[in-house]
Amino acid sequence: MSKVLQKSDSAQNADEIKDIAAVNTTDQVESSQDLTNQLEVDPVKTTGLEIEAVSSGKTTSMNPVITSIYTADPSAHVWEDGKIYIYASHDMDPPRGCDLMDRYHVFSSEDMVNWVDEGEILSSEDVEWGRPEGGFMWAPDCAYKDGTYYFYYPHPSGSDWNGTWKVGVATSKKPASDFVDQGYIDGLGGFSMIDPCVFMDDDGQVYMYYGGGSKCQGAKLGDDMMSLATELQDMVGLEDFHEATWVFKRNGIYYLTYADNKGGANQMRYAISDNPLGPWTYKGIFLEPTGCDTTHGSVVEYKDQWYLFYHNQALSGQGNLRTVCIDHLYFNEDGTIKMVEQTRKGVEAVGNPPAPKKVMKYEAEECVLGGGATVADKKDGSGKVVNNLHIQDSFCQLNNVDGKEGTRATIRIYYATADAVPKLRLTVNDTDYSLLNALTTWGWEEYTGCTYLTVLLNPGETNTIKLTGGNGGINLDYITIEPLSD
Ligand SMILES: [Ca+2]
């Protein structure tokens, strides 16, 4: 039976399908469900098998490069561990304007093709001085100095969000975990003043830039990285500045890139200077509209190649559900930037794929199922899968998952779908992490899909991981869990 037929059947007869589920599931799953109903807790441990994780098989990054959740405003940095990291905004799904942007995730790579979700590093709930309603965690940046990582993020301190912007700082000894908020930088903020960018010059002096509306400002940062060492000054010489300041240096030339005001289709422009605080000489547009009303990005060199990190809305078609992309950025001999070509394939690998990691594998059909989710055979006879996760409130749940000493862990979900972008909601220990996007695999029996997110697990065999359906059709094969080392 084709999945399409199943869907129409199920939509009309959800209760009947639930009955079928009870017949179809294995003994083990049935007993789990019975216990679930009786005790309201799930005492049956879901058993897994340790395997070597399968390779992504990717030879280019593809665009968008991050697809499991919606991210935007990528600030990329190369740190001393040799990896490249993306610090991005997170468009919450479903959106409400850009109000709900929150819970920053960081991504890392060693080859530009395979990207690790390092997990959530800060949410508005962690910011004591922030607006009481939360949300509004907009385009961030990160810097490293003397063993400490400094994460800078724009966030309002009051309910009047656009009049109370501040630049907050969170710090950690690690690049992508354990960040603790330290408050905001005195002297920065005010109406529409957003998008902090931090640039460290070759001599170690650090500069802070930010701005919005039509105003872009910069200043030296103090040695503490959390105070201004000089008065803010206007960045002079920019044309049609809107927001999204980014500063980098190449061959002794300072570059300031930014988003312009082109209506409904912002572009990226740039200016150059021989001084980090200008005055600047305007040089033109280097990224045409991406299909999204906003634009925002960073220019970074990694393993001898230059890249533009930016965002579009290719996956969602919505300007508040954006996705990060990467393409090559090339310079002319005189140092000017060539127009960036926006590609679907993204960029090639600049290193070996990551060594295979040990992961715990859990067959979806051996998890606790409910709400209409059913077990079915794969057509090729190679195993079993879970169907009918398009039904509202259908679910697949893992119980008593071992969180070791309480670790970050990447949850990967392997599936087939012929739908465009179906989604599963990931809930861990009753915390709603996100809807996870599942890119189409072009067939209900094409089990080539993988969507993933990194979460924080509690210590011991205590963790409950639940995937809830109701957002398009997904045939679920198996789930893996990979603890991340710090
Ligand atoms: Ca399976």
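In this text, residue positions in the sequence shown follow our numbering: the first is -5, and each later residue adds one. Every residue gets a Cβ at the ideal spot worked out from N, C-alpha and C, and that includes glycine.
Residue i CB to nearest heavy atom of ligand 2 below 7 Å
i, result
"E399", "This structure lacks ligand 2; its bound ligands are ligand 1."
According to DSSP, residues forming a beta bridge with residue i
i, result
"R406", "Y446, T474"
"L461", "C390, L420"
"W123", "Answer is none; W123 lacks a bridge partner."
"F185", "For F185, which the question treats as bridged, DSSP gives no partner whatsoever."
"Q176", "Paired residues: none, contrary to the question."
"G160", "Here residue 160 turns out to be Lys, not Gly, going by the sequence shown. In DSSP, K160 forms a bridge with H149."
"N306", "T317"
"D426", "T421"
"E399", "For E399, which the question treats as bridged, DSSP gives no partner whatsoever."
"Y441", "Partner(s): none; Y441 has no beta bridge."
"V293", "L302"
"T411", "G437"
"T41", "BP columns for T41 are empty, so no partner."
Residue i, buried or exposed, once every other Cβ within 10 Å from all chains shown has been counted against 16
i, result
"E34", "Any answer about E34 is weak, because its pLDDT of 45 lies below 50 and its placement is not dependable; what the coordinates show is given next. The residue is exposed, with fewer than 16 neighbouring Cβ atoms inside 10 Å."
"N346", "exposed"
"A367", "buried"
"L182", "buried"
"N18", "Confidence at N18 is low in this model, with a pLDDT of 29, below 50, so the placement of that residue is unreliable and no value is reported for it."
"R316", "buried"
"L461", "buried"
"S103", "buried"
"K160", "buried"
"D218", "exposed"
"Q386", "exposed"
"T435", "buried"
"V174", "exposed"
"T53", "exposed"
"L232", "buried"
"K378", "buried"
"M86", "buried"
"V23", "A caution first: V23 carries a pLDDT of 36, below 50, which makes its placement in the model unreliable, though a value can still be read off. Buried, because 16 or more other Cβ atoms sit within 10 Å of the Cβ of V23."
"L215", "buried"
"V230", "exposed"
"T474", "buried"
Rounded Cβ spacing between residue i and residue j (contact assumed at less than 8 Å)
i, j, result
"S62", "L447", "6 Å"
"L481", "D321", "What is shown of the chain runs -5 to 480, which leaves residue 481 out entirely."
"Q227", "G212", "6 Å"
"P416", "I468", "5 Å"
"A133", "D67", "4 Å"
"P169", "W240", "That pair is no contact at about 19 Å."
"V449", "A47", "No, V449 and A47 are not in contact; Cβ-Cβ is about 17 Å, not under 8 Å."
"Q391", "V369", "At roughly 14 Å, the Cβ-Cβ gap does not stay under 8 Å, so Q391 and V369 are not in contact."
"K256", "A265", "The Cβ separation is near 17 Å, so there is no contact."
Any C-beta of chain C under 8 Å from that of residue i
i, result
"K339", "Checking the listed chains, one finds no chain C in this structure; it contains a single protein chain."
* **Ranges of the beta strand (DSSP E) found wholly within the region 322 to 394, counting only runs of at least 3** => With a minimum length of 3 residues, the continuous beta strand (DSSP E) runs that stay inside the region 322 to 394 are 352 to 357, 362 to 364, 368 to 371, 378 to 381.
* Environment of ligand 1 in chain order, Cβ to heavy atom below 7 Å -> Any heavy atom of ligand 1 within less than 7 Å of a residue's beta carbon puts that residue on the list, which reads E357, A358, E359, G377, K378, V379, D471, Y472.
* At what residue ranges does the region 187 to 255 contain a whole run of the beta strand (DSSP E), taking only runs of 3 or more? -> 191 to 194, 200 to 206, 209 to 214, 237 to 244, 247 to 253
* Note down, one range per segment and in chain order, each beta strand (DSSP E) of at least 3 residues found wholly within the region 250 to 291. => 262 to 267, 275 to 281
* beta strand (DSSP E) segments (min. 3 residues) lying fully within the region 63 to 89 -> 64 to 72, 78 to 85
* Asked: Going along the chain, which unbroken runs of the beta strand (DSSP E) with 3 or more residues stay wholly within the region 91 to 137?
  -> 98 to 103, 110 to 116
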